[in-house]
Amino acid sequence: MSDENMDGGKVFFNPEWLRTQIFETIRFYDPQCIDQVSGGYYHCYLDDGTICDYETKSLVGTARFIYIFSVGTMLGGPRHWKTMAEHGLRFLEEVFHDQEYGGYYWQAEKRAPTDTGKYAYGQAFVLRALATAAKAGIGKARPLIDELVQTLQKHLWDDAHQLYLDAKSRDWSASDPYHGQNANMQMCEAMIAAFEATGERAFLHRVRALAHSVTVTLADQTGGLIWEQYDPEWRPDWRQHAGDQNNEFRPFGFVFGHSIEWSKLLMKLHDFTREPWLVDRAVFLYRTAWKAASDPIYGGLYFSMAADGRIFDHYKYYWVMAEALGASARLAGGAPDAAFYLKHYRELFSYCWAHFIDHRYGAWYPKLGRANLRVIYEKSPLTKADDHPIANYYEAMHVFGNSFPDAFQFE
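So in my numbering, spot 29 of the sequence shown is number 29, and the numbers just go up one at a time.
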């Protein structure tokens with residue numbers, strides 16, 4: 001769709017148009033993502049969909065593919081998307097699932113596990129994938145959900161702090177000293193999905209505990225925004241990974257996209273519990289992060305900030321923009337001053353339409369420089385599958401629903 005046909009950005013609020021964007025993004029991976037030789041999916045793609053890694057299998061990437069094909073199935077996509085999700089579920093159980101000790105390995109080459117560590121981040125993505133597949137009526141995911149949740153409770157749950165530990169060895173005997181909030185945020189999203197799939201309120205109780213621990217207890221130590229790294233007693237670690245700007249799963253500093261993503265999760269939890277503190281925290285996290293992250297010259301949102309308030313990473317990441325779209329929609333649908341969030345949603349979507357969305361081949365570019373120029377040449381690197389745009393298109397569909405266009409006023 002050309003810029004002149006965007007109708008002043010009104011189309012960004014149209015649920016059917018958003019559904020089309022989900023389908024077009026999924027089609028970037030269909031059918032070439034299916035590995036018919038080793039099973040599972042391929043996990044690295046150039047702009048035109050050319051595969052750039054035929055051997056590495058990522059637990060997170062596998063879970064993300066299962067998720068996007070499950071969402072596509074729920075939304076009435078082609079029948080073979082269900083088959084593609086089932087294909088990933090089989091590989092998940094045959095290759096990644098540790099039948100002896102429980103939980104799921106981190107990485108494999110073809111069908112041989114190469115990193116057998118048990119990372120909470122990876123387990124969270126598996127739980128979300130299983131829950132979403134269950135919602136879509138794909139496979140027999142419920143027993144796997146129950147087994148994984150019990151394993152997490154037994155081996156990774158820190159009851160004293162109401163948070164999940166970051167990682168342990170294959171047999172759960174050795175703990176990684178790293179403590180971070182990122183895995184807990186992903187677990188929060190996964191537990192919401194598990195509640196939606198099962199209706200069991202125990203999942204909501206765990207979500208509430210995680211949300212309060214991170215966005216209140218931990219954030220109170222760091223001025224309200226959410227720091228990424230902590231010591232074994234969950235006190236802020238101000239130095240860990242300070243020199244590593246490229247650690248995808250353990251980023252340094254205040255990551256703006258995570259504060260904004262938490263605001264989305266808090267609003268989702270509020271839909272089920274109606275506790276006022278959730279909206280208050282969501283509004284604070286969103287507005288504070290957005291103000292600090294906004295690039296007044298080139299548009300979009302910066303990635304992270306150091307403890308002294310200096311922008312640490314000026315790059316623009318696709319997942320930050322996508323999460324900000326979903327958060328803006330959720331806040332517009334449930335927080336005071338809906339017009340404020342609708343304006344941000346429309347302006348950011350216009351920015352993404354201009355810079356991040358590939359109108360030739362489909363899907364999103366993963367990372368841009370501050371001035372919105374390409375800095376890496378894979379369209380979809382290892383562990384990615386455009387689940388962030390798809391998930392947040394879906395969030396926007398949920399909010400706007402049948403209310404488009406009458407319930408919202410456009411300038």
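Glycine residues also receive a C-beta, built at the ideal position from the N, C-alpha and C atoms.
None of these values were measured; they are calculated from a predicted model.
Find the nearest neighbour of residue i within the set the options, judged by alpha-carbon distance.
i, options, result
"G362", "R370, W353 and E55", "W353"
"W426", "A112, Q99, K118 and G299", "There is no way to answer for residue 426, as the model of the chain reaches only from 1 to 411."
"L92", "T73, W364, M74 and L127", "L127"
"E109", "N372, V37, D237 and W277", "V37"
"G122", "K135, E275, L156 and P143", "L156"
"F252", "N182, V95 and A85", "N182"
"R142", "D231, D98 and T198", "T198"
"T62", "G49, G8 and A129", "A129"
"R287", "F96, D176, A307 and Y345", "Y345"
"C188", "L163, A174, Y178 and R170", "L163"
"V60", "W290, G40, F356 and H355", "G40"
"R27", "Y298, S213 and T73", "T73"
"E378", "L46, H87, S70 and L165", "L46"
"H161", "V214, S173 and T132", "V214"
"R208", "I357, M185, Q229 and A120", "M185"
"A194", "I297, D146, F254 and P78", "D146"
"F249", "H179, R235 and D231", "H179"
"D231", "L165, A292 and L75", "L165"
"I34", "W172, E275, K343 and H80", "H80"
"M6", "Q32, T383, E347 and V399", "E347"
"A307", "Q221, P31, T217 and S173", "Q221"
Per DSSP, residue i forms a beta bridge with which residues?
i, result
"D158", "L163"
"W227", "F254"
"T56", "E109"
"G115", "Reading off the sequence, residue 115 comes out as Asp, not Gly. Note: D115 sits in a beta bridge opposite Q107."
"H97", "Y104"
"G180", "Q229"
"Y45", "I51 and S380"
"L301", "S294"
"S175", "K168"
"I34", "Y41"
"K10", "For K10, which the question treats as bridged, DSSP gives no partner whatsoever."
"K268", "DSSP, once it has assigned bridges, lists no residue as partnering K268."
"R374", "L368"
"P236", "Y230"
Just to confirm my understanding: we take residue i, look at its own chain, exclude 5 residues before and 5 after, and list those with CB closer than 7 Å. What are they?
i, result
"P381", "C44 and P366"
"I311", "Y302 and M305"
"L18", "Y393, A396 and M397"
"F349", "G9, F12 and L325"
"H388", "Y318, W319, A322 and E323"
"A219", "L225 and I226"
"S294", "L301"
"F410", "Only weak support is given to the placement of F410: the predicted model assigns it a pLDDT of 48, under 50, and the value that follows is read from those uncertain coordinates. The residues are G8 and K10."
"Y151", "Note on residue identity: the sequence assigns Thr, not Tyr, to residue 151. Closer than 7 Å at the Cβ level, and outside the excluded window around T151, lie G102 and G103."
"A289", "L225, F256, S259 and I260"
"E233", "none"
"T114", "Q107 and A108"
"K140", "none"
"G401", "P15"
"D3", "Confidence in D3 is poor, its pLDDT being 49 and thus under 50, which makes the residue's placement unreliable; the coordinate value appears in the next sentence. None."
The alpha helix (DSSP H) spanning residue i covers which residue range?
i, result
"S328", "Y318 to G334"
"K343", "A338 to H355"
"K135", "A120 to K135"
"K384", "Careful: K384 lies outside any alpha helix (DSSP H) and carries neither H nor E."
"E24", "P15 to R27"
"M84", "H80 to F91"
"L204", "R201 to H212"
I'd like the span of the beta strand (DSSP E) that includes residue i, first residue to last.
i, result
"I311", "I311 to D313"
"E275", "Neither: E275 is in no beta strand (DSSP E) and is coded neither H nor E."
"E378", "E378 to S380"
Among residues of its own chain, excluding the 5 on either side of residue i, which ones have a beta-carbon nearer than 8 Å to its beta-carbon?
i, result
"H270", "L278, V279, A282 and G334"
"H355", "G299, G300, K316, Y365, L368 and N372"
"K135", "S70, M74, A193, E196 and A197"
Quick one: measure Cβ to Cβ for residue i and residue j, integer angstroms, because I've assumed they're closer than 8 Å.
i, j, result
"P259", "L225", "Note on residue identity: the sequence assigns Ser, not Pro, to residue 259. With a Cβ gap of about 6 Å, S259 and L225 count as contacting."
"A385", "I68", "6 Å"
"D176", "A190", "Wrong, their Cβ atoms sit about 20 Å apart, outside the cutoff."
"L285", "W319", "Wrong, their Cβ atoms sit about 17 Å apart, outside the cutoff."
"F125", "L204", "Actually they do not touch by this definition, with Cβ atoms about 20 Å apart."
"E323", "K268", "That belief does not hold up - the Cβ atoms of E323 and K268 are roughly 12 Å apart, past 8 Å."
"H314", "R370", "4 Å"
Going by beta carbon distance, what residues of the same chain come within less than 6 Å of residue i, once the five residues before and after it are set aside?
i, result
"E24", "G362"
"G300", "K316 and Y351"
"Y341", "S328, L331 and A332"
"I376", "K367"
"S169", "none"
"R206", "M191"
"Q229", "G180, D237 and Q240"
So that I know if they touch, is there some Cβ in chain B lying closer than 8 Å to that of residue i?
i, result
"K168", "This model lacks chain B altogether, as it is built from one protein chain only."
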